[in-house]
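Novice:
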Amino acid sequence: MIVFISQRNHKVQDTESIKIQNNITSEQLVYIQNLPIVGFDLETNSLDPFIGDILLLIIGDKEQQFVIDIHSFNQKEQEDLFFSRFKENKIFLGANCKFDYSFIKVKYNISILKMFDVMIAEQRIRQGFSTSNSLAAIVERRLKYIPDEMKKDIRLEFIGANKDTFIFENKHIDYAAGDIKYLFDIRELQKEHINKLNLEFLIYNIEFPLIRRLADAELNGYVIKEDKWLEIIKKNEENQFLKQVELDEEFKNLRSYLPKEEQIYIKNGKWDRTRLKKQKNIVLDLFAEEEVETNKFSKNKKIKDKSPYINYSSVTELTYIFASLGLPLPTKTGEYIVPTFIVKKGKRVVDKSLNSFTTSKQAIESYVIENPNTIGEKFVKALINYRKFTTRLNTFGEDFLIKYKNPITKKFHTVFRQAHAITGRLQSGDEKSNRFNSQNIPAEKDYRECFCFEKDYLICTTDLSGAEAVIMIDKARDERFYKMAILNDDAHSPLATAVWRAIYKSRGNELLAQTFTISKTENKHLRTSFKPMTFGSIYGMFVKKTAKTLGITLDEAKIALKTIKSMIPKTFKMVETNSKFALENGYIILNPRTNSRIWYPDVLISKANNSDLSFDIAHEVDGSARNAPIQGTQADMLKEAIVEIGKEIDRQNLDIKLLGQVHDELIYAINKKIKLVEFIKDNGTKEIVEPHIFIKNWMCQVANRYLSFIKMTAETHIGETWTK
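If you count by my numbering, then the sequence shown holds residues 416 to 1139, one letter each, in order.
1. Within the same chain, show all residues whose beta-carbon is closer than 6 Å to that of Ala1091, passing over the 5 residues directly before and after it, in chain order.
2. Given this structure, state the Cα-to-Cα distance separating Glu442 from Val533, to the nearest angstrom.
3. Run through DSSP, which three-state label would His1132 get?
4. Taking the C-alpha atoms as reference points, what is the distance between Gln422 and Ala1050?
5. Tell me whether Tyr637 sits in a helix, a strand or coil according to DSSP, three-state version.
6. Does the separation of the CB atoms of Asp1037 and Ser994 fall below 7 Å?
7. Which runs of the alpha helix (DSSP H), 4 residues or longer, sit entirely within the segment 494-559?
8. Would you tell me roughly how many angstroms separate the C-alpha atoms of Ile582 and Thr459, rounded to the nearest one?
9. Going by the CB atoms, is the gap between Gly791 and Ser1011 shorter than 7 Å?
10. Which value, in whole angstroms, describes the spacing of the CA atoms of Thr1100 and Tyr1121?
11. If we count the other Cβ atoms within 10 Å of its Cβ and call it buried at 16 or more, is Asn715 buried or exposed?
12. Residues in the same chain with beta-carbon distance under 7 Å from Asn1148, minus the five sequence neighbours each way, listed in chain order, please.
13. Taking 7 Å as the cut-off, decide whether the C-beta atoms of Ile823 and Ile588 are in contact.
14. Smallest Cα separation from Asp600: which of Leu550, Asp663, Lys578 and Tyr954?
15. Can we say the segment 888-895 touches the segment 978-992, given the rule of at least three CB pairs closer than 8 Å?
16. Are there three or more Cβ pairs, one per stretch, closer than 8 Å when the segment 500-514 is compared with the segment 522-538?
17. Drop a sphere of 10 angstroms on the beta-carbon of Met416, count the other beta-carbons inside from all chains shown, and report buried for 16 or more, exposed for fewer.
18. With a Cβ-Cβ cutoff of 7 Å, do Pro624 and Val1058 count as a contact?
19. Just curious, the beta strand (DSSP E) that Arg1012 is in, first and last residue?
20. If Leu614 sits next to Phe868, beta carbons under 8 Å apart, how far is it from one beta carbon to the other, in whole angstroms?
21. From this set, Leu927, Lys692, Gln490 and Asp1070, which residue's C-alpha is nearest Lys522's C-alpha?
22. For Tyr751, collect the residues of the same chain with a Cβ closer than 8 Å to its Cβ; drop the 5 residues on either side in sequence, then sort them by chain order.
23. Thinking C-alpha only, which one of Leu669, Ile618 and Lys520 is nearest Ala370?
24. Distance, Cα to Cα, Ile803 vs Ala797?
25. Determine, using beta-carbon pairs with one atom in the segment 667-685 and one in the segment 721-741, whether at least three such pairs fall under 8 Å.
26. Am I right that Met887 and Thr964 are in contact with their C-beta atoms under 8 Å? What's the rounded C-beta distance?
27. In the structure shown, what three-state DSSP assignment does Glu1102 receive?
28. Have a look at Ile799 and His835 and give me their C-alpha separation to the nearest angstrom.
29. Could you check which residue in Asn437, Tyr516 and Asp468 has the C-alpha nearest to that of Phe481?
30. How do the segment 442-451 and the segment 423-432 stand: do at least 3 beta-carbon pairs fall below 8 Å, yes or no?
31. Grouping DSSP H, G and I as helix and E and B as strand, with all else coil, what is Ser1173?
32. Relative to the C-alpha of Tyr590, which candidate in Glu622, Glu555, Leu612 and Asp456 has its C-alpha closest?
33. Hey, would you say the C-beta of Ser671 is under 6 Å away from at least one heavy atom of the ligand MG?
34. Could you check which residue in Phe497, Arg602, Lys559 and Glu478 has the C-alpha nearest to that of Ile1145?
35. Mapping the DSSP letters down to three states, classify His608 as helix, strand or coil.
36. Around the C-beta of Val554, are 16 or more other C-beta atoms found within 10 angstroms, so that it is buried, or is it exposed?
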């Protein structure tokens, strides 16, 4: 039965399934109060809790759903009659609870303490399946049917609705009630899977308690020092201009080597015009007739490029330049081919019929590595640097401040996807709801120091030290790798030295095979180019990619991979065992503490059909199974640390606020008045420490619950701003 409660007139009519009341009865309040598990949901007119309004509160269970027109009651009635329910120490059952929690926290300053989120549960139970985890999809998958009310996009009618004048109809009430009606059966089915897969600790002790911690972090937001941000923009504009000038000069230099009959196609006009510095980047409107520097916020506007200069951001123009200069260009098949010309409609254009050329970031950076000391090397390196500054201006320019600054809080807020990634790692940002990606901010001092919090707070940045290597070595119990990577803090140098000595030996150079050395001071360029090999080889890098990375032959690449494997055999055995297990069983367990699990549906399908996996899919599973236990364990560590630190903050009533998470790093705002806090070790010993040490100790303590061979350490910094 659905009970629609409103003190206003709507187009809702009494039916067999809908009962209309102008108030909630005392018996109904008792009914709700006595529910051990309460289904709940909100219908809102916006995704932003600071800007939007709650239109409907839906609360109840499988038998009765109370759909409440919340704004037909005054504020006190809203709080006393309805939202005070959320203060009760019971489980609230919902889907995407973080969204509803945020609205209730902003509008009524109430924190829901216990939640069962069927979306989060479904994601963790089915980690690796690329199917939708919307409520409608979960209902169809678990209950084997789609209710009529979920087949319609009724929810879209709520977006932008006026809370005081919107007229509800039966279809709105049916739709709203459906959002909690089916939760209870879904929960029972999910509990069976949670128990069967031994995911109780992961879901009940980490993922569900994490929901409100992440919601609070999203609501806390950052303050950005906008004057400092604008200084960075100005510096990037200057550097971008200098790189454009450098590209112009190198283009003319390369052109001078061409026969005169070839030079005529790229002379005069924009090819020779002296570049002048622009006063300001301006995005013009749709009807602009002069050139604009487009960015991601104007991507829907079709504006013709009428630049008076060479436009190095234009793929078409770059391809034309490479063809004119006789320089090879990467293709999407991994080859390097000099583009050729054809005449089309009387114009000289690049022939793209035989090859699909690419100027992507990865392709151009590989170009430099794989084609050293070529005539075009200086031009390509300048292009890479130009793109770096152009990307910074497009992604972190003035539009960033305009788009992501919340008009109500004047802060910059992110949003976290809690369990969307295959490894369970947190993801950040959503352009559609104007939430910036906090994990994408450059890890550079200038950018980091723009981010702070309110004036009475310091920012604590704590980073697990070498977490990926520590977890990998611990799982493999690889003493040799431990000595290189942890004790000596440099796995790249000894591995690179061994590889190049083996290569020189294969070339017959016995002297270099015995004496050649790579370190942080000797042959640094080879150490730098080798860095992708250390973890890349462990995670299943192919011979061809190895050859490209190191600029060696395929036979030498085989020697390189064999040498690395011989240096750290226990680590290779560990990842190869994981890969074999995943390919045979269609899943892998990431660690024994949480039993986090990733499924490989293609493997399961091939086993069910008694068929073979394609080479590409098998390679994809192999790479994932090698990497996922490390990345997934890392994710579980950080999530549990957030939960544990949050519990201690509550217990000690500390004014410490989570702001974000980036890779192995947690960022907190700490009230300056807090000088000392209590830290409790796992053995029960208590210590009085400074608040930033409290956070560091908790992060290490939680991480070490996952380790058995070595210990995790961390670095912590505290200051007025976010730091590297």
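Beta carbons are placed, not taken as given, at the ideal position from N, Cα and C, and that holds for glycine.
Being a predicted model, the structure only gives us computed values, none of them experimental.
Specialist: Straight from the coordinates:
1. The question names Ala, but residue 1091 in the sequence shown is Leu. Cβ neighbours of Leu1091 beyond the five flanking positions: Ile1103.
2. 29 Å
3. The three-state reading of DSSP puts His1132 in strand, counting E and B together.
4. Distance from the CA atom of Gln422 to the CA atom of Ala1050, rounded to whole angstroms, is 48 Å.
5. strand
6. Going by C-beta atoms, Asp1037 is nearer than 7 Å to Ser994.
7. 512-523, 533-540 and 550-558
8. 14 Å
9. no
10. 20 Å
11. The pLDDT assigned to Asn715 is 44, lower than 50, so where the model puts this residue is not dependable, and the model offers no usable value.
12. What is shown of the chain runs 416 to 1139, which leaves residue 1148 out entirely.
13. no
14. Leu550
15. These segments touch.
16. yes
17. exposed
18. yes
19. Arg1012 to Trp1014
20. About 35 Å separates the beta carbons of Leu614 and Phe868, which is beyond the 8 Å limit, so they are not a contact pair.
21. Gln490
22. For Tyr751, where only same-chain residues beyond five positions count, the Cβ hits under 8 Å are Pro743, Leu744, Pro745, Tyr782, Glu785 and Asn786.
23. Coverage of the chain is limited to positions 416 through 1139, which leaves residue 370 absent and any answer about it impossible.
24. Looking at the sequence shown, residue 803 is not Ile but Lys. Each residue's Cα considered, the two are about 10 Å apart.
25. yes
26. Actually they are not in contact, since the Cβ atoms of Met887 and Thr964 sit about 20 Å apart, beyond 8 Å.
27. strand
28. If I take the Cα positions, the gap works out to 32 Å.
29. Closest by alpha carbon: Asn437.
30. no
31. Within the shown structure, residues of the chain are numbered from 416 to 1139, placing residue 1173 beyond reach of any answer.
32. Asp456
33. No copy of the ligand MG occurs in the structure displayed, which carries no ligand at all.
34. There is no way to answer for residue 1145, as the model of the chain reaches only from 416 to 1139.
35. Helix at His608.
36. buried
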